[in-house]
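Enquirer: My questions will all concern the structure given below.
Number of protein chains: 2
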Amino acid sequence: MCVVSSSTNIAYLTGFHGSAGLFVQSAEGDCLVLDGRYATVATEAGARGDMASVSVVTTETTYEAALAEVIGGTGATRIVFEADHVTVSLLKRWQAAVPGDFQGHTSLVEPLRLIKDSHEIAVFRRAGAALAGVAARLAEWVREGRSERQVAADINLGLSRAGFTRPAFDTIVASGPNSAHPHAHPGDRRLSGGDLVVLDFGGVLDGYCVDLTRMAAVGRPGDEAAGIFRAVRKAQQAALDVMCAGVATSAVDGAARQVLDAEGFGAAFVHGTGHGLGLEVHEAPRLSRLSPPDERLRAGMVCTVEPGAYVPGVGGARLEDDVLVTDTGIEVLTAGPRDLLTV
Amino acid sequence: MCVVSSSTNIAYLTGFHGSAGLFVQSAEGDCLVLDGRYATVATEAGARGDMASVSVVTTETTYEAALAEVIGGTGATRIVFEADHVTVSLLKRWQAAVPGDFQGHTSLVEPLRLIKDSHEIAVFRRAGAALAGVAARLAEWVREGRSERQVAADINLGLSRAGFTRPAFDTIVASGPNSAHPHAHPGDRRLSGGDLVVLDFGGVLDGYCVDLTRMAAVGRPGDEAAGIFRAVRKAQQAALDVMCAGVATSAVDGAARQVLDAEGFGAAFVHGTGHGLGLEVHEAPRLSRLSPPDERLRAGMVCTVEPGAYVPGVGGARLEDDVLVTDTGIEVLTAGPRDLLTV
């Protein structure tokens, strides 16, 4: 008996996309527990063949009560749950409502999601090409005198027109001093001469997330800013060059970090080199110093490669592409020019 | 010694907005633990006076290690944490890294967020008026032959132009049969004669979320569809009419539900009547049958009022406004015409 409560993992296993629900797997068969908001959606998705064949139970009161009923019906006493997704409070409510021995496990479903199947790879190829298409239009939108917010609104509209369901995260347009913040929010600052501009955006297509960063400069960047960009570009290439199945994820980070260290930006590279992509925009594997040393790239993994360097008061740069690990090497899903776009 | 890990609660208590971090409160002083991605943001926010005066510790390795160091420095042995926000896995990692007695509490910070202060109310008034302004433009965007996705893109651009940082959730444009799904995603379906169209959207302004639903009809709706709208409109008014400080939150739901029951749509009203608004788009209080019977509206609460009725195969309707409970009654923050917009 296993209870899956992460909505992303439920979507992966069943095809049902909602913000709530529980998926109960047992020897007696699989069962999706939903509340009234989603019953029609699930019935229609089932009829269209968009969902795995599972029985659907609609809660009349609380999810705990429905869970007690479903589990009670099977007679199971050992109940495995997702320790990474169940809060201490929720577990307490389940334990109060459902008799049995609850056993938390980490990574019940995530290892399955790590390696993309042929359907998922086909979606990623379409999504990567569509995102590169949006990036190809940046020169229309990034202009001196426009605000970060205006540029971000254009990118978001571009994502929508390119067929993405929604942005995969809040679009980042970070100009001048703001470019030194890896996670800046677009504001009212207007792009002005000498600025470096970080343009980091992504989209969700058929449920899957892609993510890309390009750099622009307003007029001629100063020597220091130009140096940051050159170092990041070289670091990204170094990371891409070492990637193939069998290489340690930490070694990909190491390749980028070695370049930035050598160029004097080691301390300015304040995040990891990349993260996995899938139904979530951040998932396994991480390409990081902190990755488990025995974790290796495998064919079918999809991840970002995005070194950056951030110098407070001067500016920052990041370049990001999405990569599929293949049997023979890698495939860059977001292929396109990575030059500093001078506007 | 108290460890706050919900990023929303950290934002509420400190003014720091990020997707990671821990806030440690102790007799020795308060401390924000961040990773390298956020150190510059926090330093600059502090310098601008946008953040509470707290010391900032930057993690060199993991948050667990940093937490052990901070807590070790205080000599505390009893560590209170947010049971609603800490997963079973995370607690295990903390317990492995930090000696002490971890005690999970629910609602450590949320009760403070329930009653809005004068700064928050001022933001809500601006945000509600801006959202009503976007709603006033719906007639420009909702037209026969356009796709749900196109209308949603226009609404999103309208939110951006109205000054919102981002949509508060995925904009819903649900037409014809799709309107029978309370949480539909905009798709390629084109608006056509006789459709009811649910338009549900919201925005984030200065960190706070507002949320509104209006209804349109393409041409003359059928009698059944028109009846659904009329019943929902009457139910929303009934809920608004009973709202004031001291009334049970479940009674507000009851007022709307009684109308829909009487009109024959009791079973078609598959969700609660409303939810609180704040830094999150869904927060306390819930206006629901399932609300604690002793929970009452209090001056300073802000919540949505959004009854709906959904008839599979025919269509659905929802009307939603945001309401501030005051000392003397209520103030509708999103005031504007709620008529069925005929296009």
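From first to last, the protein sequence lines are chains A and B. Position 34, counted from 1, in the first sequence is what my numbering calls 234; the numbers after and before it change by one each time, with no gaps. Position 245, counted from 1, in the second sequence is what my numbering calls 445; the numbers after and before it change by one each time, with no gaps. In this text, a Cβ means the ideal position worked out from N, Cα and C, and glycines have one as well.
Unbroken alpha helix (DSSP H) runs of length 4 or more, entirely within the stretch 306-381 of chain B: which are they?
Expert: Counting whole runs of 4 or more residues, the stretch 306-381 of chain B contains the alpha helix (DSSP H) stretches 310-314, 318-335, 338-341 and 348-361.
Enquirer: Taking three-plus beta-carbon pairs below 8 Å as touching, is the stretch 260-271 of chain B in contact with the stretch 288-304 of chain B?
Expert: Contact holds: three or more Cβ-Cβ distances are below 8 Å.
Enquirer: Helix, strand or coil for R538 (chain B)? Go by DSSP, reduced to three states.
Expert: Locating residue 538 (chain B) in the second sequence gives position 338, where the first residue counts as 1. Here R538 (chain B) sits in coil by DSSP.
Enquirer: For the stretch 447-462 of chain A against the stretch 486-503 of chain A, do three or more pairs of beta-carbon atoms, one drawn from each stretch, fall closer than 8 Å, so that the two count as touching?
Expert: Verdict: yes, contact present.
Enquirer: Taking its Cβ as the centre, do 16 or more other Cβ atoms sit within 10 Å of T473 (chain A), making it buried, or is it exposed?
Expert: By one-based count along the first sequence, residue 473 (chain A) stands at place 273. Buried, because 16 or more other Cβ atoms sit within 10 Å of the Cβ of T473 (chain A).
Enquirer: Below 8 Å on C-beta distance, what does R390 (chain A) contact in chain B?
Expert: Here residue 390 (chain A) refers to the residue found at position 190 when the first sequence is read from its first residue. Neighbours of R390 (chain A) on chain B: none; closest Cβ ~16 Å, over 8 Å.
Enquirer: Would you say Y238 (chain A) reaches chain B, if we count a Cβ-Cβ gap shorter than 9 Å as a contact?
Expert: For the purposes of this step, residue 238 (chain A) is taken as the residue at position 38 of the first sequence. Yes, contact with chain B.
Enquirer: What are the start and end residues of the beta strand (DSSP E) that includes T504 (chain A)?
Expert: Reading the first sequence from its first residue, position 304 is the one you call residue 504 (chain A). Per DSSP, T504 (chain A) belongs to the beta strand (DSSP E) from V502 to V505.
Enquirer: Can you give the beta carbon distance from E344 (chain B) to V470 (chain B), rounded, assuming they're within the 8 Å contact cut?
Expert: As a first step, residue 344 (chain B) is located in the second sequence; it is residue number 144 there, counting from the start. As a first step, residue 470 (chain B) is located in the second sequence; it is residue number 270 there, counting from the start. About 28 Å; that fails the 8 Å criterion.
Enquirer: Need the endpoints of the beta strand (DSSP E) that D400 (chain B) sits in, please.
Expert: Residue 400 (chain B) sits at position 200 when you count from the first residue of the second sequence. Run containing D400 (chain B): L396 to L405, per the beta strand (DSSP E) assignment.
Enquirer: What are the partner residues of S226 (chain A), as DSSP defines its beta bridges?
Expert: Locating residue 226 (chain A) in the first sequence gives position 26, where the first residue counts as 1. Answer is A:G229.
Enquirer: Could you list the residues in the stretch 353-373 of chain A with a C-beta less than 8 Å from some C-beta on chain B, going in chain order?
Expert: Residues passing the 8 Å Cβ filter: A353, N356, L357, S360, R361, T365, R366 and D370.
Enquirer: So, is the C-beta of P507 (chain A) closer than 9 Å to a C-beta in chain B?
Expert: Along the first sequence, one-based indexing puts residue 507 (chain A) at 307. Cβ-Cβ to chain B under 9 Å: no for P507 (chain A).
Enquirer: At 8 Å on the CB atoms, spell out the chain A contacts of Y510 (chain B), in chain order.
Expert: Against the second sequence, residue 510 (chain B) aligns to sequence position 310. Those are T240, listed as they occur along chain A.
Enquirer: S491 (chain B) and D453 (chain B): beta carbons closer than 9 Å?
Expert: Stepping through the second sequence from its first residue, residue 491 (chain B) is reached at position 291. Stepping through the second sequence from its first residue, residue 453 (chain B) is reached at position 253. A contact, by the Cβ cut-off of 9 Å.
Enquirer: Name, please, each residue of chain B whose Cβ falls closer than 8 Å to the Cβ of A517 (chain A).
Expert: Looking up residue 517 (chain A) in the first sequence gives position 317. By Cβ distance, chain B contributes nothing, its closest Cβ being about 15 Å from A517 (chain A), past 8 Å.
Enquirer: What residues from chain A crowd round V286 (chain B), counting only those whose CB sits closer than 7 Å?
Expert: Here the question's residue 286 (chain B) lines up with position 86 in the second sequence. Ordered by position in chain A, the residues that pass the 7 Å Cβ test against V286 (chain B) are T287 and V288.
Enquirer: Short check: CB of V525 (chain B) to CB of V505 (chain B), under 9 Å?
Expert: The residue you call residue 525 (chain B) lines up with position 325 of the second sequence. The residue you call residue 505 (chain B) lines up with position 305 of the second sequence. Contact: no.
Enquirer: A283 (chain A) touches chain B at which residues, Cβ-Cβ below 8 Å?
Expert: The residue you call residue 283 (chain A) lines up with position 83 of the first sequence. Residues of chain B passing the Cβ test: T287, V288, S289 and K292.
Enquirer: Going along the chain, which residues of its own chain have a beta-carbon closer than 7 Å to the beta-carbon of D388 (chain B), five neighbours each way excluded?
Expert: The residue you call residue 388 (chain B) lines up with position 188 of the second sequence. Here the set comprises S347 and R349.
Enquirer: First and last residue of the alpha helix (DSSP H) that includes A451 (chain B)?
Expert: Taking the first residue of the second sequence as 1, we reach residue 451 (chain B) at position 251. Run containing A451 (chain B): T449 to A462, per the alpha helix (DSSP H) assignment.
Enquirer: Taking Cβ positions, are F465 (chain A) and A431 (chain A) nearer each other than 9 Å?
Expert: The sequence position of residue 465 (chain A) within the first sequence is 265, counting from 1. The sequence position of residue 431 (chain A) within the first sequence is 231, counting from 1. Contact flag set, yes.
Enquirer: What are the boundary residues of the alpha helix (DSSP H) that includes T413 (chain B)?
Expert: Here residue 413 (chain B) corresponds to residue number 213 of the second sequence, with the count starting at 1. No alpha helix (DSSP H) holds T413 (chain B); the beta strand (DSSP E) holding it covers Y408 to A417.
Enquirer: Please state the DSSP three-state secondary structure of T528 (chain B).
Expert: Residue numbering aside, residue 528 (chain B) sits at position 328 when the second sequence is read from its first letter. Here T528 (chain B) sits in coil by DSSP.
Enquirer: In the DSSP output, which residue or residues are listed as bridge partners for D521 (chain A)?
Expert: As a working mapping, residue 521 (chain A) is identified with position 321 in the first sequence. A:V505.
Enquirer: Put T287 (chain A) into one of helix, strand or coil per three-state DSSP.
Expert: Numbered from its first residue, the first sequence carries residue 287 (chain A) at position 87. Note: T287 (chain A) maps to strand in three-state DSSP.
Enquirer: Rounded to whole angstroms, how far is the Cβ of L308 (chain A) from the Cβ of E340 (chain A), which I believe are closer than 8 Å?
Expert: Taking the first sequence and counting its residues from 1, one reaches residue 308 (chain A) at position 108. Taking the first sequence and counting its residues from 1, one reaches residue 340 (chain A) at position 140. At roughly 45 Å, the Cβ-Cβ gap does not stay under 8 Å, so L308 (chain A) and E340 (chain A) are not in contact.
Enquirer: Identify the contact partners of R349 (chain A) in chain B, using a Cβ-Cβ distance below 8 Å as the criterion.
Expert: Here the question's residue 349 (chain A) lines up with position 149 in the first sequence. Correct list: S360.
Enquirer: What are the residues of the stretch 461-493 of chain B that lie near chain A, defined by any Cβ-Cβ distance shorter than 8 Å?
Expert: Listed by position, the residues of the stretch 461-493 of chain B near chain A (Cβ gap below 8 Å) are V470, H471 and L490.
Enquirer: What does the Cβ neighbour count give for L477 (chain A), buried or exposed, with the cut at 16 atoms within 10 Å?
Expert: Taking the first sequence and counting its residues from 1, the one referred to as residue 477 (chain A) is at position 277. Per the 10 Å Cβ criterion, buried.
Enquirer: Using the DSSP secondary-structure output, state which residues sit across from D301 (chain A) in a beta bridge.
Expert: As a first step, residue 301 (chain A) is located in the first sequence; it is residue number 101 there, counting from the start. For D301 (chain A), which the question treats as bridged, DSSP gives the partners A:R278.
Enquirer: Quick one: what's got a C-beta closer than 7 Å to I210 (chain B)'s C-beta in the same chain, skipping five residues either side?
Expert: Working through the second sequence from its first residue, we reach residue 210 (chain B) at position 10. Within the same chain, I210 (chain B) has close Cβ partners V204, F216, G221 and F223.
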